[in-house]
Amino acid sequence: MELSLATRTVAEHTVLEVGGEVDVYTAPRLRERLIELVEGGARHVVVDLGRVDFLDSTGLGVLVGALKRLRSAGGSFGLVCTKEPLLKIFRITALDQVFPLYETVEAAVAGSSGSSTGAAPDTPGSRAAGPPQAGEPPRDADPGSGA
Amino acid sequence: MSRVRLCFSPAPVHVRTARLVGVAVARRAGVAEELLDEVRLAIGEACTRAVALHRQYGLRDQVVVEMSDDNPYTVLVTDRAPIEAGLGLAALPPDELANESLTDEALTVGVGFALLAGFVEDLQVRPVAEGLGTEVRMSWPVVRR
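Just so you know, the sequences run in chain order S and Z. Counting from 1, position 145 in the first sequence corresponds to residue 144 in numbering that gives the first Met the number 0; the numbering is continuous, with no gaps. Counting from 1, position 13 in the second sequence corresponds to residue 12 in numbering that gives the first Met the number 0; the numbering is continuous, with no gaps.
Written out as structure tokens, the structure reads:
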């Protein structure tokens, strides 16, 4: 499945929905999109991996790069991921200790509001932050770039 | 026993093909369904590593993937990069993963090795028998024949 990318805004957070396969071939497009977002002024970014079927080391490297970029800009970066195969990848690489991981976009927005990231939350429980908040606003952008 | 051999130019787009073929042969060999995601990831990481090395050294040689439909199911990924580069693999501790000074390349290599080591119980990285290059040998048990 090809890479798909779509952005929307939730409570001052830019949410990037990623779908398909993120690998050595497609990861450069993800990197470009994340750089565009940061250079465009986004400071609080949530990447939703809910529709990702495959993620390799190249994709993980892109996500770490975005984390570092936002951290140096005084922003925040969170990941939404509930798929066990992907969570296993984060555990094996120890990146679950680097990224704030959340079960929902709402939890990610609530968990990273106004605070810079750079270290994972202290407890695994924070990954499953509270119930969804108010309904999400409509998409303000949907420039999916899947090929 | 039968073998499947795949050779491809060192381009990222072909890594996906290698993953697909590797999983198809693994399924036919009888590797348990619950291991196929790991097979797919590991073959992808080994091929990504080989492609990166070939590109780093400007090598046009093909990356070779050999799959043995046997018990265990064995995959051999061979590159032609200088040995010292191929064996320079190391997993990174968590506190270094987000280190500002760590290059993207070093990060990806470290994470890739961590994935290979984490997902493949039977993993060997060694110099090729002749000439330059290293081979990554991985195997998984077959549950039905």
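Every residue, glycine too, gets a C-beta built ideally from N, C-alpha and C.
Is it right to say residue 166 of chain S is buried, meaning 16 or more other beta carbons lie within 10 angstroms of its own, or is it exposed? The requested residue 166 of chain S does not occur in the structure, where chain S is confined to residues 0 to 146.
Is the separation between the beta-carbon of residue 27 of chain S and that of residue 36 of chain Z shorter than 7 Å? Against a cut-off of 7 Å, the Cβ pair of residue 36 of chain Z and residue 27 of chain S comes out as no contact.
In terms of DSSP beta bridges, what is residue 31 of chain S paired with? Paired residue(s): none; residue 31 of chain S is not in a bridge.
Of all the CB atoms in chain S, is at least one closer than 7 Å to the CB of residue 47 of chain Z? Judged by the 7 Å Cβ criterion, residue 47 of chain Z is in contact with chain S.
Under the three-state DSSP convention, the category residue 138 of chain Z falls into: For residue 138 of chain Z, the secondary structure class from DSSP, reduced to helix, strand or coil, is strand.
Start and end residues, beta strand (DSSP E) containing residue 152 of chain Z: Past the boundaries of the shown model lies residue 152 of chain Z; chain Z is included only from 0 to 144, so the question cannot be answered.
Evaluate residue 6 of chain Z with the Cβ neighbour count: other Cβ atoms within 10 Å of its Cβ, from every protein chain shown; 16 or more gives buried, anything less gives exposed. Residue 6 of chain Z is exposed by the Cβ-count criterion.
DSSP three-state label for residue 56 of chain S, please. Residue 56 of chain S falls in the helix class under three-state DSSP.
I'd like to check one pair, residue 30 of chain Z with residue 3 of chain Z: are the Cβ atoms closer than 7 Å? Their beta carbons are not under 7 Å apart, which means residue 3 of chain Z does not touch residue 30 of chain Z by this criterion.
Nearest by alpha-carbon distance to residue 109 of chain Z: which of S/57, S/105 and S/81 is it? It is S/57.
Can the beta-carbon of residue 28 of chain Z be found closer than 7 Å to that of residue 68 of chain Z? Less than 7 Å divides the Cβ of residue 28 of chain Z from the Cβ of residue 68 of chain Z.
In chain Z, which residues lie less than 9 Å from residue 64 of chain S when you measure between Cβ atoms? 103 and 106, listed in chain order.
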